[in-house]
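Quick note, the sequences are listed as chains Y and V, same order. Each residue of the first sequence is one higher than the one before, counting from 0 in numbering that gives the first Met the number 0. Each residue of the second sequence is one higher than the one before, counting from 0 in numbering that gives the first Met the number 0. In this text, a Cβ means the ideal position worked out from N, Cα and C, and glycines have one as well. Encoded as structure tokens, the structure appears first; notes follow it.
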Amino acid sequence: MIIVSYPNIGEYERIVYNFLDKIIDKSKCKILRPEKNNRKILELGEENSPTNVCTPFKYTLGSMINSLNKGANVIIQIGGGCRFGYYAQIQEKILKKDMGYDFDFINLYNGNKLEFFKAVKKAKILNSNLKVQSLLKEIYFIVKLLRFSDNIITYIRDNECYIDDKEHLKKIKNMILDDMLKIKTVNEISLKNIKYKKEIDKLINKKDGKLKIGIVGELYSLMDSFSSNFLEKDLLKKGYKVKRYTTASYLLLDKNKMQKNLLNNSKLYLKYKIGADGTESVAHTLELINKGYDGVIHIKPFGCTPEINAMPILKKISDDYSFPIMFYTFDTLNSDTGFQTRVEAFIDMLEMRKK
Amino acid sequence: MKIGIPNALFIRDKIPMYSKFLNYNNIDTVISSDTTLKTIEDGVEIATSEECIASKIFLGHVQELVNLYKNNYLDAILVPRVYKEKNNIEACVKAMALYDILTNIFKDVKFIDVNVDYSKNITYFKSLINLGITLEINHKNRFFGAFYALQEQKKFEKNRYMKQFENINFKRKNVLVIGNEYIVNDKYIKKLVLSSLNNVNIIFACINNKVNRYKNISEQVYFSNSINVMNGVEEYIDFIDACIFITGFPCATDSLINEMIKERIRNIPYIEIMVDENTSSIGIVTRMESFSDIIEGRIYI
Numbered sequence: 000m001i002i003v004s005y006p007n008i009g010e011y012e013r014i015v016y017n018f019l020d021k022i023i024d025k026s027k028c029k030i031l032r033p034e035k036n037n038r039k040i041l042e043l044g045e046e047n048s049p050t051n052v053c054t055p056f057k058y059t060l061g062s063m064i065n066s067l068n069k070g071a072n073v074i075i076q077i078g079g080g081c082r083f084g085y086y087a088q089i090q091e092k093i094l095k096k097d098m099g100y101d102f103d104f105i106n107l108y109n110g111n112k113l114e115f116f117k118a119v120k121k122a123k124i125l126n127s128n129l130k131v132q133s134l135l136k137e138i139y140f141i142v143k144l145l146r147f148s149d150n151i152i153t154y155i156r157d158n159e160c161y162i163d164d165k166e167h168l169k170k171i172k173n174m175i176l177d178d179m180l181k182i183k184t185v186n187e188i189s190l191k192n193i194k195y196k197k198e199i200d201k202l203i204n205k206k207d208g209k210l211k212i213g214i215v216g217e218l219y220s221l222m223d224s225f226s227s228n229f230l231e232k233d234l235l236k237k238g239y240k241v242k243r244y245t246t247a248s249y250l251l252l253d254k255n256k257m258q259k260n261l262l263n264n265s266k267l268y269l270k271y272k273i274g275a276d277g278t279e280s281v282a283h284t285l286e287l288i289n290k291g292y293d294g295v296i297h298i299k300p301f302g303c304t305p306e307i308n309a310m311p312i313l314k315k316i317s318d319d320y321s322f323p324i325m326f327y328t329f330d331t332l333n334s335d336t337g338f339q340t341r342v343e344a345f346i347d348m349l350e351m352r353k354k
Numbered sequence: 000m001k002i003g004i005p006n007a008l009f010i011r012d013k014i015p016m017y018s019k020f021l022n023y024n025n026i027d028t029v030i031s032s033d034t035t036l037k038t039i040e041d042g043v044e045i046a047t048s049e050e051c052i053a054s055k056i057f058l059g060h061v062q063e064l065v066n067l068y069k070n071n072y073l074d075a076i077l078v079p080r081v082y083k084e085k086n087n088i089e090a091c092v093k094a095m096a097l098y099d100i101l102t103n104i105f106k107d108v109k110f111i112d113v114n115v116d117y118s119k120n121i122t123y124f125k126s127l128i129n130l131g132i133t134l135e136i137n138h139k140n141r142f143f144g145a146f147y148a149l150q151e152q153k154k155f156e157k158n159r160y161m162k163q164f165e166n167i168n169f170k171r172k173n174v175l176v177i178g179n180e181y182i183v184n185d186k187y188i189k190k191l192v193l194s195s196l197n198n199v200n201i202i203f204a205c206i207n208n209k210v211n212r213y214k215n216i217s218e219q220v221y222f223s224n225s226i227n228v229m230n231g232v233e234e235y236i237d238f239i240d241a242c243i244f245i246t247g248f249p250c251a252t253d254s255l256i257n258e259m260i261k262e263r264i265r266n267i268p269y270i271e272i273m274v275d276e277n278t279s280s281i282g283i284v285t286r287m288e289s290f291s292d293i294i295e296g297r298i299y300i
């Protein structure tokens, strides 16, 4: 029996599950959903990773080891962009040669290039009858699902501070997460989208005076709550308005189209792209300033070069606009207490400024 | 007119080309001096704490040129920006952002940028032509200037390549030193790491020798500095008795290719030395002395 698994990233693993569930041959293949990131996964990754590699490498490697220990025998990895393009080959080497696991590794990227037809060939392990046409149809569906889930979750995040009935909101959120696994047709997506938006709108009670905080930075830390010490969830829980632009649909579908606009909007500070999401960090910070936000938290894993590139520029913006920006770097040895203290101090400062 | 060129990071490898282009067009060039402890200290003061050592050194070099600019000795500072050097070969992410970082850090300093980006068909030749346009050099001079500059660069690279090969000496133990060119050939770092390595023949392999030998190690690498390091390993692997990988802390690309290189040179003594602004020479000397004992086979356990 083939047991296929993949590394975890936030809630998006549900969408990957949904996609795989539609393309595999269920008589010969089973999907093993990766565990949510946790301390154990991080430790597994850290123990077996090169010393100075960035933290997402450690999370994804840890997630793979965990799945292999649970019986997975096929692992899918997606790479591309910045150091991500190097991940798959090193992880395959570590898992097979250094750790002795015997499994099939499906890497969708060759270096920094997506190799669609090679990936289709490799995916035949999961379903020998898989055809390019049907695969393209499923990709179309999954893109729609990704768009739907990102849109609705972003809509909730933007309005969560105006919703008093948190219990009801929690139920809606859980239903959306369930749907990410269960929805099977494009029609269902459109119906659910309308339904959830209506339900959420009923709960919203807009008030002024909420503290508005933006979160910018590296994509993995932004999209996976454990790797950023649940920063976003904590801020939302405390009732602040939180804005985060980076989502999987933005990165995969919109980023290339938006780059010119982003550069144009930040032309006072940037002339060129500064790598990966660095340009976004700068452009989105400027957008948040224009929208009247009170402060920005910039997060990244240790050693993330594109975000380090953005830091001096963000510091200049902070000086020019007298706008508070807090920088935080996550690594494997984060202290929750230290992090909480810094965030609390930053928020206290924002509240005092607002008064 | 006088233009300053920082003698650090990926720019130092292209200094012959930029100097030739500017000199051909009657523009004087001032190249920042070799790295010293003060250069590093200056860089550390300006840089954000997590910058790699190479960019801290770079900022130190730029600071030296900025001081000259403020004393009216220079008219501008040249900062090339590199994204794609060839199709599917990218420069380090740092190289993409240098111009923007500098313009945001140093106020009231005139920086001249030259963009190299093959994805937009801006080759080195075209980038030099663009530089000529920025400097208001006439059509004929910028064309010939760019032509001679590229020839000069080719000559420089060829000479360096030949010199490195001539360095091999079969009567002594050959030690291959690999790493990014701006780290390995930086005089300060070279002295710090290699001064205690005696009685061996040192070969530096960090040049852009434009071959595809790196594919023996990995076909999937796409950062040009990784490719150069791997080409170096493949070029000399049959002649060497030991290998030293000098890497700057925390170099993004080196942190992953070191695993691939380790795998390739399995049966040869190998050491990885990581340097940063706080590296103690005593620690390095101890490590290098034991490594040289291993190379010379003086250890019997």
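Residue i vs residue j beta-carbon contact at 8 Å
i                         : j                            : result
isoleucine 182 of chain Y : leucine 235 of chain Y       : no
valine 65 of chain V      : phenylalanine 9 of chain V   : no
threonine 331 of chain Y  : leucine 313 of chain Y       : no
leucine 168 of chain Y    : isoleucine 175 of chain Y    : no
asparagine 224 of chain V : asparagine 179 of chain V    : yes
isoleucine 76 of chain V  : valine 108 of chain V        : yes
valine 78 of chain V      : leucine 101 of chain V       : yes
proline 33 of chain Y     : proline 55 of chain Y        : no
isoleucine 1 of chain Y   : leucine 125 of chain Y       : yes
aspartate 74 of chain V   : isoleucine 2 of chain V      : yes
isoleucine 167 of chain V : phenylalanine 222 of chain V : no
serine 195 of chain V     : glutamate 288 of chain V     : yes
tyrosine 244 of chain Y   : glutamate 187 of chain Y     : no
isoleucine 212 of chain Y : valine 241 of chain Y        : yes
glutamate 262 of chain V  : lysine 254 of chain Y        : no
alanine 282 of chain Y    : leucine 261 of chain Y       : yes
tyrosine 147 of chain V   : tyrosine 17 of chain V       : no
isoleucine 132 of chain V : phenylalanine 142 of chain V : no
methionine 179 of chain Y : serine 226 of chain Y        : no
threonine 278 of chain V  : leucine 175 of chain V       : no
asparagine 72 of chain Y  : phenylalanine 102 of chain Y : yes
methionine 325 of chain Y : isoleucine 296 of chain Y    : yes
alanine 351 of chain V    : tyrosine 181 of chain V      : One cannot answer for residue 351 of chain V here, as it falls past the ends of chain V, which runs 0 to 300.
Residues that residue i contacts on chain V, provided the C-beta gap is smaller than 8 Å
i                    : result
proline 6 of chain Y : Within chain V, no residue comes near proline 6 of chain Y; the closest Cβ sits about 16 Å away, beyond 8 Å.
Cβ separation of residue i and residue j, assumed to be a contact under 8 Å, to the nearest whole Å
i                         : j                        : result
lysine 360 of chain V     : glutamate 295 of chain V : Residue 360 of chain V falls outside the range modelled here, since chain V spans only 0 to 300, and no answer is possible.
glycine 238 of chain Y    : lysine 205 of chain Y    : The pair is not a contact, with the Cβ atoms about 14 Å apart (cut-off 8 Å).
valine 115 of chain V     : glutamate 84 of chain V  : 7 Å
glutamine 219 of chain V  : glycine 84 of chain Y    : 7 Å
lysine 57 of chain Y      : glycine 44 of chain Y    : 4 Å
leucine 349 of chain Y    : glycine 294 of chain Y   : 5 Å
isoleucine 141 of chain Y : isoleucine 14 of chain Y : 6 Å
lysine 67 of chain Y      : leucine 94 of chain Y    : Residue identity differs from the one stated: residue 67 of chain Y is leucine in this sequence, not lysine. That pair is a contact at about 7 Å.
leucine 31 of chain Y     : serine 4 of chain Y      : 4 Å
Contacts of residue i in chain Y (Cβ-Cβ under 9 Å)
i                        : result
aspartate 112 of chain V : Lys270 and Tyr271
Close Cβ partners of residue i (< 6 Å) along its chain, the five nearest in sequence each way excluded
i                       : result
proline 15 of chain V   : Glu151, Gln152 and Phe155
lysine 35 of chain Y    : none
glutamine 90 of chain Y : Leu60
alanine 94 of chain V   : Phe9 and Val81
tyrosine 11 of chain Y  : Ala247
Chain-ordered chain Y contacts of residue i [CB-CB under 8 Å]
i                       : result
aspartate 99 of chain V : Tyr268, Leu269, Lys270, Tyr271, Ile273, Asn308 and Ile312
Amino acids of chain V, ordered along the chain, whose beta-carbon sits closer than 7 Å to that of residue i
i                         : result
glutamine 88 of chain Y   : Ser217 and Gln219
cysteine 81 of chain Y    : Val92
methionine 92 of chain Y  : Here the sequence assigns lysine to residue 92 of chain Y, which means methionine is not the residue at that position. Within 7 Å Cβ-Cβ: Glu258 and Glu262.
asparagine 255 of chain Y : The contacting residues do not exist; asparagine 255 of chain Y stays about 12 Å from chain V at best.
Neighbourhood of residue i by C-beta, 7 Å cutoff - its chain only, sequence neighbours within 5 removed
i                         : result
leucine 250 of chain Y    : Leu218
asparagine 215 of chain V : Glu233
Same chain, Cβ closer than 8 Å to residue i, five either side skipped, listed in chain order
i                         : result
isoleucine 300 of chain V : Unreliable placement is indicated for isoleucine 300 of chain V, whose pLDDT of 49 sits below 50; the coordinate value is still reported in the next sentence. None.
cysteine 53 of chain Y    : Arg82, Pro300, Phe301, Gly302 and Cys303
Chain-ordered chain Y contacts of residue i [CB-CB under 7 Å]
i                         : result
asparagine 257 of chain V : Pro49
alanine 96 of chain V     : Ile273, Gly274, Gly277 and Asn308
alanine 251 of chain V    : Arg82, Gly302 and Thr304
glutamate 103 of chain V  : According to the sequence as given, residue 103 of chain V is asparagine; it is not glutamate. Near asparagine 103 of chain V (Cβ distances below 7 Å), the residues of chain Y are Tyr268, Pro311, Ile312 and Lys315.
arginine 80 of chain V    : Tyr271
Interface residues of chain V facing residue i [CB-CB closer than 9 Å]
i                       : result
threonine 59 of chain Y : Here the premise fails: no neighbours, minimum Cβ distance about 13 Å.
Just checking, does the stretch 265 to 282 of chain Y make contact with the stretch 299 to 312 of chain Y on the three C-beta pairs under 8 Å criterion? yes
So, do the stretch 273 to 289 of chain V and the stretch 235 to 253 of chain V have three or more beta carbon pairs nearer to each other than 8 Å? yes
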